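Numbering (my numbering), first residue to last: 1418 to 1785.
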Amino acid sequence: GTGAGPREPRARAGGTTGTTRLGLKGGLCSTWSVQMPQSIQALNGSCVLIPCTFQIPSAKNQHLINPAGIWWTKRGSSDKKQLENRDIIGKLSEKNCTTVLNRISKTWTGDYSFRIEGNNHIKNNFKEKVKINVTINKDMGDSVTLREGDSVTLTCSAPAPCPSLPPTLSWTPRLSDSVTVFQENDDHTKHASSVMTFTASHLLHKQEVKCTAVYRLQTVKSERTSHTNVTLKVQYSPKNTLVLIGKDGSLTCSSDANPAVNNYTWYKVSGGEIKVVSYTQSLTSNITEVSGQYYCQAQNEHGLQNSSTVQLHCDRKYHLISLSKYSGTSVLELIPFWTLDRILKSSSSERIFPIRNNGKPINWFPAN
1418 GTGAGPREPR ARAGGTTGTT RLGLKGGLCS TWSVQMPQSI QALNGSCVLI PCTFQIPSAK
1478 NQHLINPAGI WWTKRGSSDK KQLENRDIIG KLSEKNCTTV LNRISKTWTG DYSFRIEGNN
1538 HIKNNFKEKV KINVTINKDM GDSVTLREGD SVTLTCSAPA PCPSLPPTLS WTPRLSDSVT
1598 VFQENDDHTK HASSVMTFTA SHLLHKQEVK CTAVYRLQTV KSERTSHTNV TLKVQYSPKN
1658 TLVLIGKDGS LTCSSDANPA VNNYTWYKVS GGEIKVVSYT QSLTSNITEV SGQYYCQAQN
1718 EHGLQNSSTV QLHCDRKYHL ISLSKYSGTS VLELIPFWTL DRILKSSSSE RIFPIRNNGK
1778 PINWFPAN
């Protein structure tokens, strides 16, 4: 973007990111040249600092006595004209033309160039220009992918074009104490930078973190704000894994994980023995006495978690089958013997499917 306001927060585990640097235009030489930024972001109603130094032919140095500086501006399609509302704070005799423009407005967007005048016909319009953009920029948000437990550092930077009225940076939500510092860029413009460090948690998944810059104005007793945001995408192992018993005796295992659970395993506890009764989408047909204690295990690429044990009571003999998982769950259904026998004995054209998953028939497989 080209407007004044915070740059998008950037994150990485364990450290801060670097700051984008603007290149210098011009170079040191023995001919007429000026060094200043290519472009500067400014805020309507505030001031803006233009870092500026210049060089003249060495034979002219002795005549650089009580020089005068003039700034020219060309805004849009208007003709070039002399700029009056400026304060040259650099010492021109030392070839420093740093200038502050005060009480700027939206109409000030345009190109600015410098002219030096001195004794013995020292007069020169420098060809280099600085582009000043007067606007407020609201960056679009972005996202960053993290892993639970990572030490994360978010860095937010905002231009500080007016040294006497620097921006105030703040974070929402405030996940930890933050530190704001003011730094100089390579082109001698300044920016404010705020750093916030915290530990990634599954509780922060999909959390939007906003950085706000507040600028006080010169022209009126008011302020302007600009903000940018980043959405945290935290990956984590299964959490809150539990088993629910339905009214029909079915068992449902659910778990919260990112990425989603890719394997559910069901276990039955019989005395001191633990037996796997279902893995992901398998059909178990050799369990005829389904009463007992069960628990499930949810797993993704970052880890696994077991549910607590539940007690299932069933007086009749049922087959226990596992349905395909959907909506982050895995279901164990109880199918009466007569129903399953009818399913397996019927022809393919007459086969009925008494249980449906999201409206689609469940695929059955004969028992071995």
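Glycine included, C-beta positions come from ideal geometry on N, C-alpha and C.
It should be emphasised that the depicted structure is a prediction, and the values quoted were computed from it without experimental measurement.
Under the three-state reduction of DSSP, which class applies to residue i: helix, strand or coil?
i: Trp1683; result: strand
i: Trp1449; result: coil
i: Arg1768; result: Residue placement at Arg1768 is flagged as unreliable, the pLDDT there being 33, under the threshold of 50; a coordinate-derived value is accordingly withheld.
i: Thr1524; result: helix
i: Lys1497; result: coil
i: Gln1794; result: Residue 1794 is absent from the model: the chain starts at 1418 and stops at 1785.
i: His1608; result: strand
i: Ala1677; result: coil
i: Ser1595; result: strand
i: Leu1621; result: helix
i: Asn1519; result: coil
i: Leu1582; result: coil
i: Asn1542; result: strand
i: Gln1635; result: coil
i: Ser1510; result: helix
Using the DSSP secondary-structure output, state which residues sit across from residue i in a beta bridge.
i: Lys1690; result: Residue identity differs from the one stated: residue 1690 is Glu in this sequence, not Lys. Answer is Ser1687.
i: Phe1471; result: Val1451
i: Phe1615; result: Val1569
i: Val1551; result: Ala1459
i: Gly1720; result: Asn1717
i: Ser1574; result: Ser1610
i: Thr1645; result: Cys1628
i: Gln1728; result: Gln1710
i: Gly1486; result: Ile1533
i: Ser1654; result: DSSP lists no partner for Ser1654.
Are residue i and residue j touching if we call contact CB-CB under 8 Å?
i: Glu1625; j: Leu1634; result: no
i: Met1613; j: Leu1563; result: no
i: Pro1468; j: Thr1515; result: yes
i: Val1651; j: Glu1565; result: yes
i: Tyr1711; j: Leu1659; result: no
i: Leu1586; j: Ile1662; result: no
i: Gln1600; j: Ser1610; result: yes
i: Ser1581; j: Cys1464; result: yes
i: Arg1492; j: Gly1462; result: no
i: Thr1682; j: Lys1627; result: no
i: Ala1617; j: Pro1584; result: no
i: Cys1670; j: Ser1593; result: no
If you draw a straight line from the C-alpha of residue i to the C-alpha of residue j, how long is it?
i: Tyr1684; j: Ser1695; result: 7 Å
i: Leu1620; j: Ile1521; result: 45 Å
i: Gln1499; j: Asn1478; result: 25 Å
i: Val1596; j: Pro1474; result: 45 Å
i: Lys1546; j: Asn1675; result: 51 Å
i: Cys1484; j: His1605; result: Residue 1484 is actually Pro in this sequence, not Cys. The straight-line gap from Cα to Cα measures roughly 23 Å.
i: Thr1490; j: Asp1496; result: 8 Å
i: Gly1486; j: Lys1512; result: 10 Å
i: Ser1494; j: Ile1533; result: 25 Å
i: His1622; j: Asn1717; result: 16 Å
i: Asp1508; j: Val1561; result: Correcting the residue identity first, residue 1508 is Lys in this sequence and not Asp. Their Cα atoms are separated by approximately 46 Å.
i: Thr1642; j: Thr1524; result: 20 Å
i: Val1569; j: Gly1688; result: 47 Å
i: Thr1726; j: Thr1645; result: 46 Å
i: Phe1471; j: Val1451; result: 4 Å
i: Phe1615; j: Ser1510; result: 50 Å
i: Asp1603; j: Met1453; result: 10 Å
i: Thr1636; j: Ala1476; result: 44 Å
i: Glu1690; j: Cys1713; result: 15 Å
Rounded to whole angstroms, how far is the Cβ of residue i from the Cβ of residue j, which I believe are closer than 8 Å?
i: Tyr1529; j: Ile1549; result: 6 Å
i: Leu1460; j: Tyr1632; result: 5 Å
i: Cys1480; j: Asn1537; result: Residue 1480 is actually His in this sequence, not Cys. That pair is a contact at about 4 Å.
i: Leu1518; j: Asn1541; result: With a Cβ gap of about 21 Å, Leu1518 and Asn1541 do not count as contacting.
i: Gly1720; j: Ser1672; result: Contact doesn't hold; Cβ gap of about 11 Å is too wide.
i: Pro1578; j: Gln1458; result: 6 Å
i: Phe1543; j: Trp1449; result: 6 Å
i: Asp1567; j: Val1647; result: That pair is no contact at about 15 Å.
i: Lys1656; j: Gln1722; result: 7 Å
i: Val1686; j: Gly1709; result: 7 Å
Could you tell me if the beta carbon of residue i falls within a distance shorter than 7 Å of some heavy atom in the ligand FMN?
i: Ile1662; result: Absent from the structure shown: the ligand FMN. Ligands present: none.
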